[in-house]
Amino acid sequence: MTEEDKKKLEKELKSEQVKLDIPVETIIEQIKTFNKGIPLVRIVRACTVGDGIRIIPEEQYNSYFNLFQSAVDNERVIKFVPASGAASRMFKNLQSVLTNSKTTRKELEKVASSGDKENASVLEFIDNLEHFAFYDDLKKQMMEVGLNLEQLKEQGEYKKILEFTLDPAGLGYAGKPKGSVKFHNYPDGSRTAFEEHLIEALNYTKRKDGSAHIHFTISKEHEELVKSIIDPLIKKYSKEGKQIKVRYSFQKTATNTVAATTDNKPFRDEEEKIVFRPGGHGALLSNLNDLQADIIVIKNIDNIVPDYLREETYK
Numbered sequence: 021m022t023e024e025d026k027k028k029l030e031k032e033l034k035s036e037q038v039k040l041d042i043p044v045e046t047i048i049e050q051i052k053t054f055n056k057g058i059p060l061v062r063i064v065r066a067c068t069v070g071d072g073i074r075i076i077p078e079e080q081y082n083s084y085f086n087l088f089q090s091a092v093d094n095e096r097v098i099k100f101v102p103a104s105g106a107a108s109r110m111f112k113n114l115q116s117v118l119t120n121s122k123t124t125r126k127e128l129e130k131v132a133s134s135g136d137k138e139n140a141s142v143l144e145f146i147d148n149l150e151h152f153a154f155y156d157d158l159k160k161q162m163m164e165v166g167l168n169l170e171q172l173k174e175q176g177e178y179k180k181i182l183e184f185t186l187d188p189a190g191l192g193y194a195g196k197p198k199g200s201v202k203f204h205n206y207p208d209g210s211r212t213a214f215e216e217h218l219i220e221a222l223n224y225t226k227r228k229d230g231s232a233h234i235h236f237t238i239s240k241e242h243e244e245l246v247k248s249i250i251d252p253l254i255k256k257y258s259k260e261g262k263q264i265k266v267r268y269s270f271q272k273t274a275t276n277t278v279a280a281t282t283d284n285k286p287f288r289d290e291e292e293k294i295v296f297r298p299g300g301h302g303a304l305l306s307n308l309n310d311l312q313a314d315i316i317v318i319k320n321i322d323n324i325v326p327d328y329l330r331e332e333t334y335k
């Protein structure tokens, strides 16, 4: 950027500063970083047992476990789950194929046969649809408007299946937080990622008073939806004598990053305003610092396992 560019940008940013909470100097530095690039980290070697990885001997396990439980009982432990991410990345291949309008099995197979991984992944999704935890919900929603999911699948007509998976008229997963997606199936029903994390918290953050403590970072636009999912779950488990204390925070706008064009100029929307994007997980360090806990168990929203694998992960 030339000095003239910087002055022009600085002037413009200052006019928007009321909404931003980001120092102008920080934004200028971000643009400079885009121009310079970020050097790759030099990897020396992989971590192995004895060289970066330590396995706790079985005979010491109980001693460490008791120390951890003592910290839990003394209200020093909380579970922290970054959950502000949308599910859009999970379904990006479906969205792309739907946008391109080639949604029949014949069309997908033709493109996939040329080595296109995007179309191949959509075929894999359709072929395994019955195994997804949200299958029954999808089938029910389609049935409510007179669409037969199984019939459409058999006919190789996938457009409506993709639409009802992604769009608000159906499950709306393209625009919902990842935690709201049904992840696992059980005999008594399916569970969202949010519910699986609550169950985990009951295992290793439960204090002497019986309460488990968990903190989710969420996006402001999804606050109402997230609470509409989690609040009934808190009531459900309280009826079973399980008390869950949930707290929320938003990723701070001061950690946002300026969006850039391919030639590293600030990206602008249709109203010519500079666009900012939420920062990565490192941006949540200030949220972590705000927590009143000495030991914080951090797990991403999609880092969950079904019940039969839990015991090993708890260790």
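For this note's numbering, add 20 to where a residue sits in the sequence shown, where the first one is 1. Think of the CB as a built atom: it goes at the ideal place given N, C-alpha and C, for glycine as much as any other residue. Because the structure is a prediction, the values reported are computed rather than measured.
What are the boundary residues of the beta strand (DSSP E) that includes residue i?
i: Ser210; result: 209–212
i: Thr237; result: 231–238
Could you tell me which residues DSSP puts in a beta bridge with residue i?
i: Pro286; result: Ala280
i: Gly72; result: Thr68
i: His204; result: Arg211
i: Phe184; result: Partner(s): none; Phe184 has no beta bridge.
i: Pro197; result: Ala106
Check the C-beta distance from residue i over to residue j and give it rounded, since I have them as a contact under 8 Å.
i: Arg297; j: Ala313; result: About 29 Å; that fails the 8 Å criterion.
i: His217; j: Ile234; result: 6 Å
i: Thr275; j: Ala303; result: 3 Å
i: Gly299; j: Lys198; result: Actually they are not in contact, since the Cβ atoms of Gly299 and Lys198 sit about 17 Å apart, beyond 8 Å.
i: Ile324; j: Phe203; result: 6 Å
i: Phe26; j: Ile42; result: According to the sequence as given, residue 26 is Lys; it is not Phe. Contact doesn't hold; Cβ gap of about 16 Å is too wide.
i: Ile321; j: Val101; result: 6 Å
i: Glu129; j: Arg227; result: Between Arg227 and Glu129 the Cβ distance is about 55 Å, and since that is not below 8 Å, they are no contact.
i: Arg85; j: Tyr193; result: Going by the sequence as given, residue 85 is Phe instead of Arg. Actually they do not touch by this definition, with Cβ atoms about 38 Å apart.
i: Ala91; j: Ile316; result: That pair is no contact at about 11 Å.
i: Leu182; j: Leu253; result: At roughly 29 Å, the Cβ-Cβ gap does not stay under 8 Å, so Leu182 and Leu253 are not in contact.
i: Asp310; j: Ser269; result: 7 Å
i: Asn55; j: Asn284; result: 5 Å
i: Thr185; j: Leu114; result: 6 Å
The alpha helix (DSSP H) that contains residue i, what's its start and end?
i: Phe152; result: Here Phe152 belongs to no alpha helix (DSSP H), and DSSP marks it neither H nor E.
i: Ile51; result: 44–56
i: Lys130; result: 125–132
i: Lys173; result: 169–175
i: Phe100; result: Premise fails: Phe100 lies in the beta strand (DSSP E), 97–102, not in any alpha helix (DSSP H).
i: Lys112; result: 112–120
i: Glu332; result: 327–334
i: Ser90; result: 78–93
message = Whether or not the region 61–81 and the region 205–219 are in contact is what I'm after, with contact meaning three or more pairs of Cβ atoms, one per stretch, closer than 8 Å; do they touch?
response = In short, these stretches do not touch, since the Cβ pair count stays below three.
Validate contact between the region 136–144 and the region 152–159 using beta carbons, cut 8 Å, 3 pairs = By the criterion of at least three beta-carbon pairs nearer than 8 Å, the region 136–144 is not in contact with the region 152–159.
query = Which ranges does the beta strand (DSSP E) cover as unbroken runs of at least 3 residues, wholly within the region 243–320, from first to last along the chain?
reply = Entirely contained in the region 243–320, the beta strand (DSSP E) runs reaching 3 residues are, in chain order, 263–270, 315–318.
message = Count Cβ pairs between the region 128–142 and the region 186–201 that sit closer than 8 Å; are there 3 or more?
response = The region 128–142 vs the region 186–201: no contact.
task = Count the C-beta pairs between the region 218–229 and the region 257–264 that are closer than 8 Å, then say yes if the count reaches three, no if not.
result = Under the 8 Å Cβ criterion, the region 218–229 counts as touching the region 257–264, having at least three qualifying pairs.
Contact between the region 92–107 and the region 171–179 (3+ Cβ pairs under 8 Å) = Put simply, the region 92–107 does not touch the region 171–179. Fewer than three CB pairs are less than 8 Å apart.
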